[in-house]
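Numbering (our numbering), first residue to last: 59 to 144.
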């Protein structure tokens, strides 16, 4: 596969099938090699929030939500609660 890369590169996009709309053949070695390479490829994890950046502010209730919930910060109107969002 690697030896003849120039010759087999277009073959990656055209699988061997039975007829124009048939199933893919097991003998399609180019397809199998490209699938093996894709399956065993290591995908690195993205470093999320490594520097600890975030937005700081507050959440302010306008109306009391006591009839809808028992959360303490939603019981009183005009109450400010500090929040941090990444």
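Glycine residues also receive a C-beta, built at the ideal position from the N, C-alpha and C atoms.
In the three-state DSSP reduction, residue 95 falls in the helix class (H, G or I). Here the alpha carbon of residue 105 sits roughly 18 angstroms from the alpha carbon of residue 113.
In the three-state DSSP reduction, residue 88 falls in the helix class (H, G or I). Minimum Cα-Cα distance from residue 144 among the listed residues 91, 99 and 109 corresponds to 109.
Straight-line spacing of the CA atoms in residue 124 and residue 140 works out to 20 angstroms.
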